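>
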Amino acid sequence: MKHATRIADLGCEVVEEILAAAKSWKRQPHRKHLEGKVLGLVFFNPSLRTRASFEAVMARGGGSAIMIEAGSESWKLEHRVGAVMNGECAEHLREAVPVLSRYVDALGVRSFSTDGNDEEDCRDALMRAFRKYATVPTLNLESAREHPCQGLADLMTIEEQFGATRCLPVLLTWAPHIKPLPKAVPNSFLLTAAMRGCEIRIAHPPGFELHREIIGEAHAYAEAAGGSISFFCEQERALQDVCVVYAKAWGPSTSRERVNDADSPHADWMLSARQMAGAAKDAIFLHCLPVRRNVEVADEVLDGEWSRVVDEAENRFHVQRALLHWLLN
Amino acid sequence: MKHATRIADLGCEVVEEILAAAKSWKRQPHRKHLEGKVLGLVFFNPSLRTRASFEAVMARGGGSAIMIEAGSESWKLEHRVGAVMNGECAEHLREAVPVLSRYVDALGVRSFSTDGNDEEDCRDALMRAFRKYATVPTLNLESAREHPCQGLADLMTIEEQFGATRCLPVLLTWAPHIKPLPKAVPNSFLLTAAMRGCEIRIAHPPGFELHREIIGEAHAYAEAAGGSISFFCEQERALQDVCVVYAKAWGPSTSRERVNDADSPHADWMLSARQMAGAAKDAIFLHCLPVRRNVEVADEVLDGEWSRVVDEAENRFHVQRALLHWLLN
Amino acid sequence: MKHATRIADLGCEVVEEILAAAKSWKRQPHRKHLEGKVLGLVFFNPSLRTRASFEAVMARGGGSAIMIEAGSESWKLEHRVGAVMNGECAEHLREAVPVLSRYVDALGVRSFSTDGNDEEDCRDALMRAFRKYATVPTLNLESAREHPCQGLADLMTIEEQFGATRCLPVLLTWAPHIKPLPKAVPNSFLLTAAMRGCEIRIAHPPGFELHREIIGEAHAYAEAAGGSISFFCEQERALQDVCVVYAKAWGPSTSRERVNDADSPHADWMLSARQMAGAAKDAIFLHCLPVRRNVEVADEVLDGEWSRVVDEAENRFHVQRALLHWLLN
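Chains as they are written, first to last, in the numbering used here: chain F, 1 to 329; chain X, 1001 to 1329; chain U, 2001 to 2329.
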């Protein structure tokens, strides 16, 4: 059975196939690609784009989406094996997932990192449990470890602008935020860009390293695809002549409790026009959204000619349609 | 691009066209008026009729509705230009609205008045922001200023009963409540009834005036349509021989903080059979719902022969179908 | 007009018809049984299976489901006749239900027992109010008194395993829990199994009796169908040679306030492999879900060969499809 719980589930060839289909179908009228299909989407966390874009994909494709808010409209769900369930969770994934599998054709899950422990996040226990217990294809709507639909939309947007991505210089830069955020989005941008052979630069203050396992996986993809990955601990040099600036806030590499955040640590990492001036002349700006304006990124960048953030969000629809078509056929 | 964010977006002729279509289609089997269309509905506030009726309109018309609960299932949304977003709001309408516009064919918004400041409510900043940032038609599901779908349903219900509305005496009477409520519903009833040429009477205790801008706009419609508007500060005289009694609670005209509410100020304004006896013999009773029984209106009125409140709510379906058909074609 | 608010609304013949259709259609590709139909589902309490299975039934059948979360997304609803509504509830069922009836073809309601008062639960005031005020068929999605869709799914699962149920020995056994739960599920299992002529055994600690009215109704069904009902105050003897073990937690028969729960009273009633060994060799294990693992039932039972809990949950889909087809045709 096919799954899309991480980019490795797809592999290079399927990623290429999905991006090609997404770009081609974007230029055509909607077709009933998903006639009669029912997609179940389980949300442990809030969502705007993911919820709306998947509902739109199913509606326009002739199918339906069923939304389940875990813990508010439905029960709180346990995933630990052998748990004595005398606490908050009224139901175990061991039952919930096989049961939902009987009602739907594929099952998506959104479940963020809860405590910012990178080792735990990398293991992605809840996403893995869904995949293990499901009897239908499963789909990652952003887990503790990855957000593959976002990575695909990011690369589609880059390819729409620049065509081939092999050796294209792209920068993933850390951005300030009012709280430590999960790393699924930077992980997925890194992994997908590596698969597509970009010349990837990663810039962040010391202490905000991505997990070595993700970096290792990305290095392997980069090598196979003829790309590269390099690291910077300040923004200015990293920005030089890049074609894509991808800004994203994420939390420190050590457990969040141990970090003594000032209100806005490294506030000078906020992306403004001054910084964008260092990039290539035709550089574009990307962000997965939601973005905190004037904290992560200045208004002038988001409202400027660089910005492709709305196209990037639109592309969530197109890559997800192609992904579901692959997953369900 | 067409919009339906206030009754002025429609104008007299479109209002007439929508009411005619709504009345005609009500007598026919459902048709696939909205085949393949996707409507996005964003809720900042609770809803029963609006949510259910729009979902039903889309389902019966062959389309789909996507529901977004702003701030619970999705992110809290900022709308102030230039805001430094270091507070509760994780996303700005400047991104959220253009993004949603890429997924759907039209975008509806429910967003009540938050602080009861009439000047602010009249400006309708959030509804205006949706309209400004959207790249698809937008639709008011009740904003701080107006609730045009309700106004259309109100007038449809009156016309079903009395046929022509020119110079028909209708009374909008203030009703008591346990808290100050927004004025969108009385505003929209007034504006729509004025467009349809009714002889409008408005009764409320001193201090509960509607906003001068709304009254000014209504006077212009009334004059053009051959109707009139008059004001009363007590109910009894206002009720004399009216054909329609529309009861609705709303807050004081000055900021809510400055009003020292007794538990139930003006409790004698609660509409009972005694008061209805002063109206015309065939008078009907309307209320937008939800209604607090025995606080705003007595059981005997709601359960009596005067009441058309359920028909009025049903008509939400019919006018919204006609409105969406106009908006999307 | 047809209703499905309790098993008595259906009666023996319709129950038989629904189970036959459910079993037959389960083996066939999905058909558009519910083309163009719109089902409204009102939830006063959380739900996973009910929500997802009804949405799937409508989607696969060519119709649509409208979900209404009473009290969060929509208004809190009053149901007491004559109430002066100056409290939390902003709307009365007297308006909400007739209004929803105008938008949908059938109306389902989930509303658990709120205070565990057995007399109140048996009267099922809120479910009755829905039925009384609705102008379309109404459907019980689990009320204070019954959960007929669950009872039908339970019996379908048993019949799939054993064929005829006349005189089949089945045990409904009380299970421990961290809090007193409603009795709708044990009530519905008892009533439906009685209608199908099972040899029913009920085991629970003293003080956890089901309501005499339910037992009386079940006795009448059992007598008519050639089955029987017997009671046990300990598990071991009740388990001897039963073909079906149905475990379920429920609260004490007196008002919850009066019971002084130890943390886990009667913890030895938790169903484990040791107890299952006393049942018939080919016995199956059922539970309506959600189940608290290692509190109500041990992992070894839920993960063992006895367990049919996922099939039982899948059968919710099949019986509900058949039930809606009956209700709407």
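Heads up, the beta-carbon is just placed ideally off N, CA and C, and yes, glycines get one too. The structure presented is a predicted model; accordingly, all values stated were derived computationally and were not measured.
Could you check what DSSP says for residue 322 of chain F in three-state terms: helix, strand or coil?
Position 322 of the first sequence, counted from the first residue, corresponds to residue 322 of chain F. Helix, per DSSP.
> Can you pull out the residues from the stretch 176-187 of chain F whose beta carbon lies closer than 8 Å to at least one beta carbon of chain X?
Answer in chain order: 178.
> May I have the straight-line CA-CA distance separating residue 1171 of chain X from residue 1184 of chain X, to the nearest angstrom?
Position 171 of the second sequence, counted from the first residue, corresponds to residue 1171 of chain X. Position 184 of the second sequence, counted from the first residue, corresponds to residue 1184 of chain X. If I take the Cα positions, the gap works out to 17 Å.
> Using the C-alpha atoms, what's the distance from residue 1065 of chain X back to residue 1029 of chain X?
Your numbering for residue 1029 of chain X matches position 29 in the second sequence. Your numbering for residue 1065 of chain X matches position 65 in the second sequence. Using only the alpha carbons, I get a separation of about 21 Å.
> Is it buried or exposed, residue 1173 of chain X, if we count other Cβ atoms within 10 angstroms and call 16 or more buried?
In the second sequence, the residue the question calls residue 1173 of chain X occupies position 173. Residue 1173 of chain X is buried by the Cβ-count criterion.
> Expressed to the nearest angstrom, what Euclidean distance is found between the alpha-carbon atoms of residue 1202 of chain X and residue 34 of chain F?
Along the second sequence, one-based indexing puts residue 1202 of chain X at 202. Along the first sequence, one-based indexing puts residue 34 of chain F at 34. Each residue's Cα considered, the two are about 54 Å apart.
> To the nearest angstrom, how far is the alpha carbon of residue 1014 of chain X from that of residue 1057 of chain X?
Taking the second sequence and counting its residues from 1, the one referred to as residue 1014 of chain X is at position 14. Taking the second sequence and counting its residues from 1, the one referred to as residue 1057 of chain X is at position 57. If I take the Cα positions, the gap works out to 19 Å.
> If you draw a straight line from the alpha carbon of residue 261 of chain F to that of residue 180 of chain F, how long is it in whole angstroms?
Residue mapping note: residue 261 of chain F aligns to position 261 of the first sequence, counting from 1. Residue mapping note: residue 180 of chain F aligns to position 180 of the first sequence, counting from 1. Because residue 261 of chain F carries a pLDDT of 48, less than 50, the predicted location of this residue cannot be relied on, and the following value inherits that uncertainty. So the two alpha carbons sit approximately 9 Å from each other.
> Would you mind sorting residue 2231 of chain U into buried or exposed? The rule is 16 or more other CB atoms within 10 Å of its CB.
Position 231 of the third sequence, counting from 1, holds the residue named residue 2231 of chain U. Exposed is the call here.
> Answer with yes or no whether the minimum CB distance from residue 1294 of chain X to chain U is below 7 Å.
Within the second sequence, residue 1294 of chain X is the residue found at index 294, counting from 1. Judged by the 7 Å Cβ criterion, residue 1294 of chain X is in contact with chain U.
> Quick one: is residue 1137 of chain X near chain F, going by C-beta distance under 7 Å?
Taking the second sequence and counting its residues from 1, the one referred to as residue 1137 of chain X is at position 137. Not closer than 7 Å to any Cβ of chain F, the Cβ of residue 1137 of chain X fails to qualify, so no.
> Rounded to the nearest angstrom, how far is the Cβ of residue 1113 of chain X from that of residue 1144 of chain X, given a contact under 8 Å?
By one-based count along the second sequence, residue 1113 of chain X stands at place 113. By one-based count along the second sequence, residue 1144 of chain X stands at place 144. 4 Å between Cβ atoms; contact.
> In terms of alpha-carbon separation, which member of U:2316, U:2128, U:2295, U:2155 lies closest to residue 2107 of chain U?
Taking the first residue of the third sequence as position 1, residue 2107 of chain U is located at position 107. Measuring from the Cα of residue 2107 of chain U, the nearest candidate turns out to be U:2128.
> Would you call residue 1320 of chain X buried or exposed, if buried means 16 or more other Cβ atoms sit within 10 Å of its Cβ?
One-based indexing of the second sequence puts residue 1320 of chain X at position 320. Under this definition residue 1320 of chain X is a buried residue.
> Return yes when the Cβ of residue 3 of chain F is within less than 7 Å of the Cβ of residue 138 of chain F, no when it is not.
Along the first sequence, one-based indexing puts residue 138 of chain F at 138. Along the first sequence, one-based indexing puts residue 3 of chain F at 3. Yes.
> Any beta-carbon of chain X closer than 7 Å to the one on residue 2085 of chain U?
As a first step, residue 2085 of chain U is located in the third sequence; it is residue number 85 there, counting from the start. It does: the Cβ of residue 2085 of chain U has a partner Cβ on chain X nearer than 7 Å.
> Would you say residue 1064 of chain X lies against chain F (beta-carbon separation less than 7 Å)?
Sequence index remark: in the second sequence, residue 1064 of chain X carries index 64 (1-based). Yes, because at least one Cβ of chain F sits closer than 7 Å to the Cβ of residue 1064 of chain X.
> Find the nearest neighbour of residue 2134 of chain U within the set U:2021, U:2086, U:2005, U:2211, judged by alpha-carbon distance.
Within the third sequence, residue 2134 of chain U is the residue found at index 134, counting from 1. If we check each option's Cα against that of residue 2134 of chain U, U:2005 comes out closest.
> Name, please, each residue of chain X whose Cβ falls closer than 8 Å to the Cβ of residue 2074 of chain U.
As a working mapping, residue 2074 of chain U is identified with position 74 in the third sequence. Those are 1046, 1047, 1048, 1051, listed as they occur along chain X.
> Might you give, ordered along the chain, the residues of its own chain that have their beta carbon closer than 8 Å to the beta carbon of residue 1084 of chain X, omitting 5 neighbours on each side?
Along the second sequence, one-based indexing puts residue 1084 of chain X at 84. Same-chain partners within the cutoff: there are none.
> So residue 85 of chain F is in the alpha helix (DSSP H); what residue range does that whole segment cover?
Taking the first sequence and counting its residues from 1, the one referred to as residue 85 of chain F is at position 85. Element bounds for residue 85 of chain F: n/a, residue is neither H nor E.
> Helix, strand or coil: how does DSSP classify residue 108 of chain F here?
Here the question's residue 108 of chain F lines up with position 108 in the first sequence. Correct three-state label for residue 108 of chain F: strand.
> For residue 2315 of chain U, count neighbouring Cβ atoms within 10 angstroms of its own Cβ and tell me buried if that reaches 16, exposed if not.
Here residue 2315 of chain U corresponds to residue number 315 of the third sequence, with the count starting at 1. Residue 2315 of chain U comes out buried.
> Could you give the distance in angstroms between the alpha-carbon of residue 1111 of chain X and the alpha-carbon of residue 1038 of chain X?
Counting from 1 along the second sequence, the entry for residue 1111 of chain X is found at position 111. Counting from 1 along the second sequence, the entry for residue 1038 of chain X is found at position 38. When rounded, the distance between both Cα atoms is 21 Å.
> Let me confirm a value: residue 2024 of chain U is counted as buried when at least 16 other C-beta atoms fall within 10 Å, else exposed. Which label applies?
Taking the third sequence and counting its residues from 1, one reaches residue 2024 of chain U at position 24. Exposed: under 16 other Cβ atoms inside 10 Å.
> Output the boundary residues of the beta strand (DSSP E) element that contains residue 2174 of chain U.
If you number the third sequence from 1, residue 2174 of chain U lands on position 174. 2169-2174 is the span of the beta strand (DSSP E), which, as asked, contains residue 2174 of chain U.
> Determine the burial state of residue 2275 of chain U: buried for a count of at least 16 other Cβ atoms within 10 Å of its Cβ, exposed for fewer.
Translated into the one-based positions of the third sequence, residue 2275 of chain U becomes position 275. Buried, by the Cβ-count rule.
> Measuring only the C-alpha atoms, how far is residue 1080 of chain X from residue 2293 of chain U?
Mapped onto the second sequence, residue 1080 of chain X falls at position 80. Mapped onto the third sequence, residue 2293 of chain U falls at position 293. Residue 1080 of chain X and residue 2293 of chain U: Cα-Cα distance of roughly 49 Å.
> With 16 other CB atoms within 10 Å as the buried threshold, where does residue 2119 of chain U fall?
Here the question's residue 2119 of chain U lines up with position 119 in the third sequence. The residue is exposed, with fewer than 16 neighbouring Cβ atoms inside 10 Å.
> Just the Cα atoms here: how many angstroms apart are residue 311 of chain F and residue 289 of chain F?
In the first sequence, the residue the question calls residue 311 of chain F occupies position 311. In the first sequence, the residue the question calls residue 289 of chain F occupies position 289. So the alpha carbons of these two residues sit roughly 11 Å apart.
> 7 Å is my cut-off, CB to CB: does residue 2099 of chain U come that close to chain X?
Within the third sequence, the letter at position 99 stands for residue 2099 of chain U. By this cut-off, residue 2099 of chain U is an interface position.
> Taking the runs of the alpha helix (DSSP H) that are 4 residues or longer, which of them lie wholly in the stretch 2145-2220 of chain U?
Entirely contained in the stretch 2145-2220 of chain U, the alpha helix (DSSP H) runs reaching 4 residues are, in chain order, 2148-2162, 2184-2195.
> Nearest by alpha-carbon distance to residue 1252 of chain X: which of X:1076, X:1116, X:1044, X:1155 is it?
In the second sequence, counting from the first residue as 1, residue 1252 of chain X sits at position 252. Ranking X:1076, X:1116, X:1044, X:1155 by Cα distance to residue 1252 of chain X puts X:1116 first.
> Apart from the five residues on each side of it in sequence, which residues of its chain come closer than 7 Å, Cβ to Cβ, to residue 317 of chain F?
Numbered from 1 along the first sequence, position 317 holds the residue referred to as residue 317 of chain F. Answer for residue 317 of chain F: 53, 56, 57, listed in chain order.
> Could you say which of U:2021, U:2284, U:2226, U:2008 lies nearest to residue 2323 of chain U if we only look at CA atoms?
Position 323 of the third sequence, counting from 1, holds the residue named residue 2323 of chain U. That would be U:2021, whose Cα lies nearest to the Cα of residue 2323 of chain U.
> Which partner residues of residue 2284 of chain U appear in the DSSP bridge assignment?
Residue numbering aside, residue 2284 of chain U sits at position 284 when the third sequence is read from its first letter. BP columns for residue 2284 of chain U point to U:2244.
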